[in-house]
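A short write-up of the structure that comes next.
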Amino acid sequence: MTLAPLAHEDAGPAAELHISAFPDFFLSRLGSRFLREFYAGFANDPTAITVVAHDPEGNIVGIAVGTTEPRGFFKRLLIRQWAGFVIASIGAAVAHPAAIPRLLRAVAYRGDVGDRTDGALLSSIFVNSTHRGTGAGGQLLEEWTTAAARKSADKAFLITDALENDAVNSFYVRHGWVLDGTYQTKEGRAMNRYVKAMGGGSQ
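Numbering (full-length UniProt numbering), first residue to last: 1 to 203.
Right under this line is the structure:
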C-alpha cells in the first residue's frame, strides 16, 4: 500500500468509496456527483490535508481528508465550486425529493464539527471493506496527523458518532486521540469530539 496526497483525478473514486463506506450518511445521500465536487474541493484547496492509500494495482483503497482552517474551508469550497454543486444538487433533488431540506442545509455545511473549530479538522477517513482490519486505517490516520503537523498544526480534532459506534471510537483512542466532549446535532444525534496534540505549530 502506498500513501500520497489526494489528486484532482482521485475525486471520482473517492466519491464512490465514500458512498460505499457511509451509505446512510448525509453527504452520501446527496449522491456521487455532489461528493465528486466535495473531494475535488480538497484537492484544490491550499489548507487541505489529504492522504490517499493505493493498492499495488493503483486502486484507491482508503482516504483521509481535512483542513487546517475548518471554519472557512467549506464556505470557500461552496463559493469556488458553486456551479458544480448546483448541478449536483438538482440531480439529487430530482432523485430524492425528501432530501431537499438537507440540500438547503448543505449550502451552509461546515463539516458538522460543532461550535469549536480550533485546530486542524480531520473531516473524513475510511478504507474499503477488503482493507478493514489490516492496519490500513491506522496508517492513513498516522500519515494524516504527520501531514497536519507539516502544515504547522499544533493540534487536531475530529467528530464521530457517540452511540453504536464503539469500534470507531476505540480506533481513535488506540491511536492517541482523546475524548474532549460530546454534543448533539440539531437532529438529536450524539457526537463525540476527539483531539490530539502534535509536534507542529508554535510549540
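Just so you know, even glycine gets a beta-carbon here, dropped at the ideal spot from N, CA and C.
Being a predicted model, the structure only gives us computed values, none of them experimental.
Would you tell me roughly how many angstroms separate the C-alpha atoms of residue i and residue j, rounded to the nearest one?
{"i": "residue 17", "j": "residue 126", "result": "8 Å"}
{"i": "residue 169", "j": "residue 122", "result": "14 Å"}
{"i": "residue 55", "j": "residue 9", "result": "16 Å"}
{"i": "residue 194", "j": "residue 76", "result": "25 Å"}
{"i": "residue 148", "j": "residue 187", "result": "31 Å"}
{"i": "residue 48", "j": "residue 69", "result": "8 Å"}
Just checking my contact of residue i with residue j at CB under 8 Å: how many whole Å lie between their CB atoms?
{"i": "residue 196", "j": "residue 177", "result": "5 Å"}
{"i": "residue 161", "j": "residue 191", "result": "6 Å"}
{"i": "residue 128", "j": "residue 61", "result": "5 Å"}
Check for me: the alpha helix (DSSP H) holding residue i runs from which residue to which?
{"i": "residue 10", "result": "Careful: residue 10 lies outside any alpha helix (DSSP H) and carries neither H nor E."}
{"i": "residue 169", "result": "166-174"}
{"i": "residue 162", "result": "Premise fails: residue 162 is in no alpha helix (DSSP H) and is neither H nor E."}
{"i": "residue 192", "result": "No alpha helix (DSSP H) contains residue 192, which is instead part of the beta strand (DSSP E) from 190-197."}
{"i": "residue 41", "result": "32-44"}
{"i": "residue 29", "result": "26-29"}
I need the DSSP call for residue i, collapsed to helix, strand or coil.
{"i": "residue 3", "result": "strand"}
{"i": "residue 157", "result": "strand"}
{"i": "residue 141", "result": "helix"}
{"i": "residue 179", "result": "strand"}
Check for me: the beta strand (DSSP E) holding residue i runs from which residue to which?
{"i": "residue 123", "result": "120-127"}
{"i": "residue 62", "result": "60-67"}
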